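See below for the structure under consideration.
Numbering (the working numbering), first residue to last: 66 to 374.
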């Protein structure tokens, strides 16, 4: 009995000791172990947050909008026991900008201002003075002229008959102002004069060819396209050919003039009046008076038409 009592007492002491030990030692809860395979090396169990700014340069015009580029890397550790490896999960957000980023400082994006329609005052129309047609940039104009001619004598008994010739050539007009211009001309002139000697029908006819070069002061009267004009100036003439035809009792003879060694040069004054239509067409009559022949009682008249380009 005594031994059984001692054994029972020892068992009670051991049970009490085990119960006291269990109350002092904290209970350990074992967490599940999770293993994630990744290409990222093992890291410590400390939390790490890294913010990286990445800029991508793009060559564009200098004035563009700039946007921020932000890369955020987040590391989330997994707590395990010392025998368990930790895993890392990385999340990256990248936003590329459409424009260049110079330097480290990234400017805030610029907002475009809205376009408002601007109300402008209507411009006053300019009144332009119409230019004369067919006038070159320098104002020089060119033209042509054709006219008939006739000698008129003031001597009594001269007996000059109607025997027309013609002039034809070029015109150059140099404007000085809106109403005044210098107008030189170069014309080929074929002249003819016929005089009757008696009632029997005998006559003498002179025919000559020459170069006629008048230089005129052209004066225009009026501002409309149709206007009157006055030409005043001088002329020079150079004889090219001459012939004499004579008829006596119905018998005609023609003799060519010999101008070898003769004075072929003549000069004089000229004046004319006419009308200019639409600043292009000119209708004019002129009179030439020879100053080289003394006591000349005849004039050389023309009536013609010209056209300015």
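Cβ coordinates follow ideal geometry from the N, Cα and C atoms, glycine included. Keep in mind the model is a prediction, meaning the values are calculated, not measured.
Residue range of the beta strand (DSSP E) that includes residue i
| i | result |
| --- | --- |
| residue 291 | Segment: none, residue 291 is in no beta strand (DSSP E) and carries neither H nor E. |
| residue 206 | 206 to 218 |
| residue 233 | 230 to 240 |
| residue 355 | 346 to 355 |
| residue 366 | 363 to 373 |
| residue 333 | 330 to 342 |
Alpha-carbon to alpha-carbon, residue j and residue i
| i | j | result |
| --- | --- | --- |
| residue 72 | residue 81 | 14 Å |
| residue 376 | residue 261 | The requested residue 376 does not occur in the structure, where the chain is confined to residues 66 to 374. |
| residue 204 | residue 217 | 37 Å |
| residue 242 | residue 345 | 17 Å |
| residue 317 | residue 360 | 31 Å |
| residue 369 | residue 253 | 14 Å |
| residue 374 | residue 300 | 24 Å |
| residue 280 | residue 333 | 11 Å |
| residue 322 | residue 298 | 30 Å |
| residue 83 | residue 77 | 10 Å |
| residue 209 | residue 233 | 8 Å |
| residue 377 | residue 257 | No answer is possible for residue 377: it lies beyond the span of the chain, which begins at 66 and ends at 374. |
| residue 282 | residue 293 | 14 Å |
| residue 310 | residue 267 | 11 Å |
| residue 278 | residue 221 | 31 Å |
| residue 307 | residue 276 | 13 Å |
| residue 354 | residue 337 | 12 Å |
| residue 358 | residue 288 | 40 Å |
| residue 285 | residue 249 | 16 Å |
| residue 265 | residue 363 | 25 Å |
| residue 255 | residue 270 | 13 Å |
| residue 312 | residue 272 | 14 Å |
Residue burial classification, residue i (beta-carbon count within 10 angstroms, cutoff 16)
| i | result |
| --- | --- |
| residue 335 | buried |
| residue 303 | exposed |
| residue 349 | buried |
| residue 290 | exposed |
| residue 365 | buried |
| residue 375 | No answer is possible for residue 375: it lies beyond the span of the chain, which begins at 66 and ends at 374. |
| residue 325 | exposed |
| residue 327 | exposed |
| residue 314 | exposed |
| residue 296 | buried |
| residue 69 | exposed |
| residue 219 | exposed |
| residue 347 | buried |
| residue 341 | buried |
| residue 238 | buried |
| residue 389 | Shown here, the chain extends from 66 to 374; a query on residue 389 therefore has no answer. |
| residue 371 | buried |
Check: residue i C-beta below 7 Å from any heavy atom of the ligand MN
| i | result |
| --- | --- |
| residue 316 | Of the ligands one can find in the structure shown there are none, so the ligand MN has no counterpart to examine. |
Simplified DSSP state of residue i, which is helix, strand or coil
| i | result |
| --- | --- |
| residue 255 | strand |
| residue 318 | strand |
| residue 73 | helix |
| residue 325 | coil |
| residue 81 | helix |
| residue 227 | coil |
| residue 244 | coil |
| residue 265 | coil |
| residue 312 | strand |
| residue 260 | strand |
| residue 359 | coil |
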